[in-house]
Amino acid sequence: MTPDSPTTRAGSTNPARSADSYATCLGSALDAISQAVFIHDRETGEPIFENSTARDLGLARHEEAGLMRAIEEAVADALGGRFKKHSFSTFGPPRRDFVIHTKPAGDSSAVVTVVEDLTVRNQLDAIRRDFVANVSHELRTPIGALGLLAETLAYEEDPAVRQRLANRIQNETFRVAKVIDDLLDLSRIESEGATHKEPTDLVELGHEVVEQMTSAADTARVELGFSVEGAGFVIEADRRQLRSAMANLVDNAIKYSDKDSWVRVGLRHTEDGRIEISVADHGIGIPQKDLERIFERFYRVDQARSRQTGGTGLGLSIVRHAVSNHNGIVEVESREGVGTTFRIILPSTGGEQA
Ligand code: ADP
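By our numbering, the letter at position 144 of the sequence shown is numbered 144, and the numbering carries on one by one without gaps.
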């Protein structure tokens with residue numbers, strides 16, 4: 001397609017469009033894309049076009065100067081007939097990564113330069129790589145242990161030791177199953193959003209969660225209570241997701257509490273009319289420096305304690321995603337050695353547009 005023979009998508013000529021209006025359309029289309037585009041005259045080396053992204057690369061002045069130098073090098077190479085890919089990264093933070101492609105344009109009288117910002121793609125790749133490495137590690141450890149335990153069991157004759165080994169095999173199997181269950185839960189909550197919203201009574205849900213966690217609390221000798229202030233707690237919500245979020249918070253509160261302490265689940269309206277579900281414990285607390293990282297997948301303050309109590313490091317990610325699917329927020333307040341309170345704050349409509 002050339003400017004003087006504009007064609008429709010089906011390939012037929014559209015005589016109603018002049019070459020000028022066609023060029024204007026093309027310019028607007030190039031302005032709408034996120035890549036920076038420059039066009040240089042191949043004979044004179046003069047710039048003849050740049051799109052709006054090229055005019056504002058969103059960089060600090062010194063970073064932009066660096067990128068412009070890299071672009072000039074790429075253009076100079078292209079004008080000399082060398083069309084090769086160039087890269088440029090800022091030092092940051094935050095570090096930004098760009099790739100610069102050049103191509104001869106149409107009848108080779110010009111050079112087109114396209115600058116692509118790879119920052120987000122590279123960050124997502126890094127997250128994916130870390131995630132795969134973490135999952136592999138989480139599964140490798142118990143599976144390695146299972147292999148050794150089974151080998152030992154095969155040669156062990158003492159019935160008491162055999163029983164202990166069998167118990168450990170059962171525990172390790174349980175750990176693998178829990179990691180897989182949490183991963184599936186997280187992936188479902190992340191990908192689905194909150195698609196199964198129905199009128200949900202949070203009082204009823206609170207009682208269900210407390211009942212479900214009672215035997216874990218009894219085993220840990222932790223007293224578990226539920227208090228409701230006020231009324232009007234029926235919201236449009238994905239029941240399963242909110243139950244999962246509450247259960248994860250209560251499970252943590254029990255896990256990270258010492259014997260003979262207490263965990264309170266609370267439900268109330270906030271002063272600005274939202275709904276607050278709180279889970280407070282009197283446990284080990286979370287150091288300030290870790291507070292902003294605990295919602296990351298697989299992040300644990302104390303690896304050993306988390307493993308020993310059957311933690312997967314995924315519980316709070318599940319909580320965060322489930323709550324954000326309801327347009328809510330999660331807050332945490334904690335003091336080491338004193339205790340922790342998590343608060344889920346939801347719009348009173350359950351995240352539906354009122
Ligand atoms: P885990 O399965 O390890 O409990 P989570 O994602 O649920 O993973 O929590 C991440 C980390 O946050 C935990 O490993 C723990 O260090 C810390 N944490 C979460 N809840 C509490 C709590 N109530 N008290 C103390 N530490 C907590």
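C-beta atoms are modelled at their ideal positions from N, C-alpha and C, and glycine is treated no differently.
| Can you list, in chain order, the residues of its chain whose CB lies under 6 Å from that of I345, leaving out five sequence neighbours each side? | Setting aside the 5 residues that flank it on each side, I345 is surrounded in the same chain by R274, E276, G328, I329, each with a C-beta closer than 6 Å to its C-beta; the list follows chain order.
| said: Please state whether the Cβ-Cβ distance between G285 and T340 is less than 8 Å. | reply: yes
| Buried or exposed: which applies to T24, given that a residue is buried once 16 or more other Cβ atoms fall within 10 Å of its Cβ? | Around the beta-carbon of T24, fewer than 16 other beta-carbon atoms lie within 10 Å, marking it exposed.
| Closest Cα partner of K289 within the set V279, M68, V301 | V301
| task | Check whether the region 290-297 touches the region 216-232, taking contact to mean three or more Cβ pairs, one atom from each stretch, closer than 8 Å. | result | no
| What is the rounded straight-line gap between the Cα of P6 and the Cα of T119? | Below a pLDDT of 50, predicted positions are generally treated as unreliable, and P6, at 46, falls in that range; no measurement from the model is reported.
| What's the C-alpha gap between D4 and V112? | Because D4 carries a pLDDT of 45, less than 50, the predicted location of this residue cannot be relied on, and no value is offered for it.
| Residue ranges of each alpha helix (DSSP H) run of no fewer than 4 residues wholly in the region 11-80, ordered along the chain? | Runs found: 19-31, 52-55, 61-79.
| With C-beta atoms as the reference, is D238 less than 8 Å away from N325? | yes
| Residues near A220 in its chain [Cβ-Cβ closer than 6 Å; skip 5 each side] | I254
| said: Is V222 near the ligand ADP - that is, is its Cβ less than 7 Å away from at least one heavy atom of it? | reply: Relative to the ligand ADP, the beta carbon of V222 is positioned no closer than 7 Å to any heavy atom.
| Can the beta-carbon of Y299 be found less than 8 Å from the beta-carbon of G313? | In this structure, G313 lies closer than 8 Å to Y299 by Cβ.
| Proximity to A60 [Cα-Cα], best of S257, G45, R95 | Residue R95 is the option with its Cα nearest to A60.
| message | Under DSSP, the beta strand (DSSP E) around E437 begins and ends at which residues? | response | Only positions 1 to 354 of the chain appear in this structure, which leaves residue 437 out of reach.
| query | Around the Cβ of Y155, are there at least 16 other Cβ atoms within 10 angstroms (buried) or fewer (exposed)? | reply | exposed
| query | Hey, how far is the Cα of G310 from the Cα of T173? | reply | Cα to Cα, the separation comes out at about 11 Å.
| Start-to-end residues for the beta strand (DSSP E) that takes in S89 | 86-89
| message | Quick check: the Cα distance between H196 and V323, rounded to an integer number of angstroms? | response | Distance between the alpha carbons of H196 and V323: 14 Å.
| task | Check the DSSP bridge columns for K197 and list the partner residues they point to. | result | D238
| Taking C-beta to C-beta, are S244 and D185 nearer than 8 Å? | Contact check for S244 against D185 passes: the beta carbons are separated by less than 8 Å.
| Bounding residues of the alpha helix (DSSP H) (the contiguous stretch that carries A145) | 119-155
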